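Using our numbering, read the sequence shown as starting at 16 and increasing by one per residue. Since the structure comes first, as structure tokens, the remarks are kept for the end.
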Amino acid sequence: MTYIGRFAPSPTGPLHLGSVVAAAASYLDARAHRGRWQVRIEDLDTGRCDPAAARNMIRTLEQLGMVPDEPVVWQSRRLASYEEALSALRQCEVLYPCACTRAQVRRRAPHPGVYAGTCRQGLPPDTRPRSLRVRLDAPSDQFTDRFAGPQHSEQGIDFGDPVVRRADGSVAYVLAGAVDDVVCGVTDVVRGDDLLPTTATQRLLLGLLGMTPPRYAHIPVVLGADGRKLSKQNHAPPVDPTAPTRVLRDTFDLLGLPHDVTKRAANMPLAALWEAGVQAWRDQLRPAAPTSL
Ligand code: GLU
16 MTYIGRFAPS
26 PTGPLHLGSV
36 VAAAASYLDA
46 RAHRGRWQVR
56 IEDLDTGRCD
66 PAAARNMIRT
76 LEQLGMVPDE
86 PVVWQSRRLA
96 SYEEALSALR
106 QCEVLYPCAC
116 TRAQVRRRAP
126 HPGVYAGTCR
136 QGLPPDTRPR
146 SLRVRLDAPS
156 DQFTDRFAGP
166 QHSEQGIDFG
176 DPVVRRADGS
186 VAYVLAGAVD
196 DVVCGVTDVV
206 RGDDLLPTTA
216 TQRLLLGLLG
226 MTPPRYAHIP
236 VVLGADGRKL
246 SKQNHAPPVD
256 PTAPTRVLRD
266 TFDLLGLPHD
276 VTKRAANMPL
286 AALWEAGVQA
296 WRDQLRPAAP
306 TSL
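Have a look at this one:
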């Protein structure tokens, strides 16, 4: 089977070093396996996503030397595919309306953020449904992550019934992303480990849809000086695509590639730097160091 990898950013702002590290890990892994690489723009949340930011991300990736092998996939143009998945779930009789707010789920003790199945048995009379959830009956999920090792997640503790249609009517990322990976032929998902807790849910949703999940490999997310994941919310600065060698050198450092690759980088053309990076990744096939700034 040909390896197909992908980078799937949400276009909420310019690429910062944390997102470039995730992009580069998926790109290096695809190239090291002599595979193909896709870019998918996850722009379903119209309140947060900005088409100009998406175009800017694609251009920045290109300036850094990461050019997808296939046309960019835009989730906003694939709505029919997600509606089909929702119909299939409806036929499995696992969809139910939920009236709980995100804040209520977030406050839930002792497992904040994990939905406790409150609306599984139906809504009280005169209660307005907000979202649609999927009943996940599997008590647990297990898989081996290529980088993070064996994973075991328990229903009610590590995952609950996910929202698949949000209060604003849009299809939730957790379903759309999982469906896209399979429909677009992705064999290997390489992404930040902030998404590791979501993986069981995605795998179980795919199972309900009769789809085989891809392999997963989660890399440590890049942390800022405050110990939190670099993100737009904590004002991570955008990378400077006009200095691609410097950005790549920092990226390879954060991925733990050997110093002789990154030290020589200043004098290397971009293509040669990528070649050295791919060779180094092929030798170690994983990020070698915890990634923090
Ligand atoms: N769009 C998600 C994000 O930017 C990533 C999704 C994924 O890699 O599966 O956090």
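We put the beta carbon where it would ideally sit given N, CA and C, even for glycine. This one's a predicted model, so the numbers in the text were calculated from it and none came from an experiment.
Residue i and residue j closer than 9 Å at C-beta
i	j	result
residue 63	residue 90	no
residue 178	residue 107	no
residue 237	residue 244	yes
residue 185	residue 167	no
residue 135	residue 111	yes
residue 116	residue 65	no
residue 130	residue 194	no
residue 51	residue 17	yes
residue 147	residue 220	no
residue 231	residue 214	yes
residue 81	residue 38	yes
residue 44	residue 296	yes
residue 291	residue 301	no
residue 256	residue 74	yes
Euclidean distance between Cα positions of residue i and residue j
i	j	result
residue 159	residue 210	15 Å
residue 161	residue 233	7 Å
residue 88	residue 123	36 Å
residue 34	residue 207	9 Å
residue 261	residue 282	10 Å
residue 79	residue 72	11 Å
residue 183	residue 31	28 Å
residue 94	residue 227	21 Å
residue 298	residue 246	30 Å
residue 41	residue 164	17 Å
residue 272	residue 224	38 Å
residue 20	residue 203	5 Å
residue 100	residue 144	20 Å
residue 157	residue 174	12 Å
residue 176	residue 77	38 Å
residue 180	residue 36	30 Å
residue 58	residue 70	12 Å
residue 10	residue 170	Residue 10 is absent from the model: the chain starts at 16 and stops at 308.
residue 61	residue 241	29 Å
residue 109	residue 216	14 Å
residue 276	residue 172	42 Å
residue 259	residue 269	15 Å
residue 235	residue 191	23 Å
residue 218	residue 289	32 Å
Secondary structure of residue i, DSSP reduced to three states
i	result
residue 225	coil
residue 82	coil
residue 109	coil
residue 170	strand
residue 237	coil
residue 158	strand
residue 146	strand
residue 275	helix
residue 231	strand
residue 63	coil
residue 175	coil
residue 141	coil
residue 117	helix
residue 203	strand
residue 36	helix
residue 292	helix
residue 333	Absent from the model: residue 333. The displayed extent of the chain is 16 to 308, so no value can be given.
residue 212	helix
residue 254	coil
residue 186	strand
residue 29	coil
residue 125	coil
residue 135	coil
CB contact check: residue i to chain C, cutoff 9 Å
i	result
residue 211	Of the chains in the structure shown, none is chain C; there is only one protein chain.
- Message: Can you confirm whether the region 191-199 touches the region 144-153 when touching is taken to mean that 3 or more C-beta pairs between the two stretches lie within less than 8 Å?
- Response: no
- Starting from the N-terminal end, write out each residue whose C-beta falls within a distance shorter than 6 Å of any non-hydrogen atom of ligand 1. 23, 24, 25, 57, 192, 206, 210
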